[in-house]
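Note that the protein sequences, when read in sequence, are chains A and B. The opening residue of the first sequence carries number 1 in the working numbering; numbering runs sequentially from there. The opening residue of the second sequence carries number 1 in the working numbering; numbering runs sequentially from there.
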Amino acid sequence: MTRNVLRVCFPWVLGVWMVAVILAAFFYAPTAQGFKGESSRIVFFHVPQAWVAVLAFCVNLVASIRYLRGRDPLDDARATAAARLGLVFSVLATVTGSLFARVMWGSFWNWDPREVSIAILLLVYAAYFALREMVADEERRGTLSAAYAVLAFVTMPFLIFVVPRIYWSLHPDTIISASGQLKFEMESRMRQVFVGSLAGFTGLFVWLYTVEVRLARVRISRARREEV
Amino acid sequence: MPIPESLIWVAAVTTVIWLGLFVYCIALDRRVRRLEEDQ
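This is how it looks when you write it as structure tokens:
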């Protein structure tokens, strides 16, 4: 009963929450100094999207390890759903990042280390799906893709956190403040909107992931019934 | 193409992304609920 109420209410609460976040991002948060035009506002969406992508790849790793230990098809479905969402949110982070790059640096793509590393990460996880498509046998496909997911995850912290910090980058690191100071400092209204957006995008991920897993559960039980 | 610096352009892209994901999720949720009920 409570679960059903939650299932019905959650999307609408999330919808209202994110409408409030979008409005706040454009009308409540001040424009950050040191950015061209209104480009700083894209940070309220770009960073949460990147965060959700990292979260999704972490879930993919956990589900893959669980699959390798138990060979439960539902764990394979969980891993696939997480990887798919990770890929979608990585693409969205790339698109919003490109938009920011166009405003700030005059071009959608600048071969910046952070742009290149996200492109490599996209290729790494796109290969995960290519691998899945190549193997017909279900268990073999699950095992191979789970093993690949573990290896793919090893590259993720390097590509997201290490590589962009080793090389000189156009990408602003932690510079986002109303005063334009070059240190990690966010004006309180900006922080409120930023945290609200992080929560909203995390909620969206949880919702999408849950729905995809429910769909996989239905498919698996249907396939089992057909086998019998 | 609108001027990239304009608030409207940034707002439009972010809103379209959010709305797209939300509508996709609503549709998927309904589909899954129907399948669950069928079962």
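Ideal Cβ placement from N, Cα and C applies to all residues, glycine included.
Query - Cβ-based neighbour list, A24 (chain A), same chain, cut-off 6 Å, excluding 5 preceding and 5 following - result: Position 24 of the first sequence, counted from the start, is the residue given in the question as residue 24 (chain A). Excluding residues within five positions, the ones whose Cβ falls inside 6 Å are V193.
Query raised in the report: What did DSSP end up calling P11 (chain A) once you bin it into helix, strand or coil?
Result: Along the first sequence, one-based indexing puts residue 11 (chain A) at 11. Of the three classes helix, strand and coil, the one that applies to P11 (chain A) here is helix, per DSSP.
Report task. Taking only beta-carbon positions, decide if I176 (chain A) is within less than 8 Å of chain B. Result -> By 1-based counting over the first sequence, the position of residue 176 (chain A) is 176. Caution is warranted here: a pLDDT of 45 is assigned to I176 (chain A), below 50, making its placement in the model unreliable, and no coordinate value can be reported.
Query raised in the report: Any idea what DSSP makes of N110 (chain A), helix, strand or coil?
Result: In the first sequence, residue 110 (chain A) corresponds to position 110, counting from 1. Note: N110 (chain A) maps to coil in three-state DSSP.
Query - Exposure of M134 (chain A), with buried meaning 16 or more beta-carbon neighbours within 10 Å - result: Translated into positions along the first sequence, residue 134 (chain A) becomes position 134. So M134 (chain A) counts as exposed.
Query - 7 Å Cβ cut-off: residues of chain B touching G15 (chain A) - result: What you label residue 15 (chain A) is simply residue 15 of the first sequence in a count that begins at 1. Ordered by position in chain B, the residues that pass the 7 Å Cβ test against G15 (chain A) are F22.
Requested in this report: For my contact list, A149 (chain A) and S64 (chain A) are in at a C-beta cut-off of 8 Å; report their separation, rounded to the angstrom.
Outcome: Residue numbering aside, residue 149 (chain A) sits at position 149 when the first sequence is read from its first letter. Residue numbering aside, residue 64 (chain A) sits at position 64 when the first sequence is read from its first letter. With a Cβ gap of about 4 Å, A149 (chain A) and S64 (chain A) count as contacting.
Query raised in the report: So does the segment 208-225 of chain A actually touch the segment 25-39 of chain B, counting three or more Cβ pairs closer than 8 Å?
Result: Taking 8 Å as the limit for Cβ pairs, the verdict is that the segment 25-39 of chain B does touch the segment 208-225 of chain A.
Query - Rounded C-alpha distance that separates E115 (chain A) from R3 (chain A) - result: Indexing the first sequence from 1 puts residue 115 (chain A) at position 115. Indexing the first sequence from 1 puts residue 3 (chain A) at position 3. So the alpha carbons of these two residues sit roughly 41 Å apart.
**Report entry** Contacting residues, own chain, Cβ-Cβ under 7 Å from L92 (chain A) (five flanking each side not counted)
**Finding:** In the first sequence, residue 92 (chain A) corresponds to position 92, counting from 1. Around L92 (chain A): Q49.
Query raised in the report: If we count the other Cβ atoms within 10 Å of its Cβ and call it buried at 16 or more, is T14 (chain B) buried or exposed?
Result: Residue numbering aside, residue 14 (chain B) sits at position 14 when the second sequence is read from its first letter. That one is buried.
Query raised in the report: Are there three or more Cβ pairs, one per stretch, closer than 8 Å when the segment 78-85 of chain A is compared with the segment 93-102 of chain A?
Result: no
Query - Residue from A:C58, A:C9 and A:F27 with nearest C-alpha to F44 (chain A) - result: Position 44 of the first sequence, counted from the first residue, corresponds to residue 44 (chain A). Of A:C58, A:C9 and A:F27, the residue nearest in Cα terms is A:F27.
Report task. Measure the Cβ-Cβ separation of V54 (chain A) and I160 (chain A) and say whether it is below 8 Å. Result -> Position 54 of the first sequence, counting from 1, holds the residue named residue 54 (chain A). Position 160 of the first sequence, counting from 1, holds the residue named residue 160 (chain A). In this structure, I160 (chain A) lies closer than 8 Å to V54 (chain A) by Cβ.
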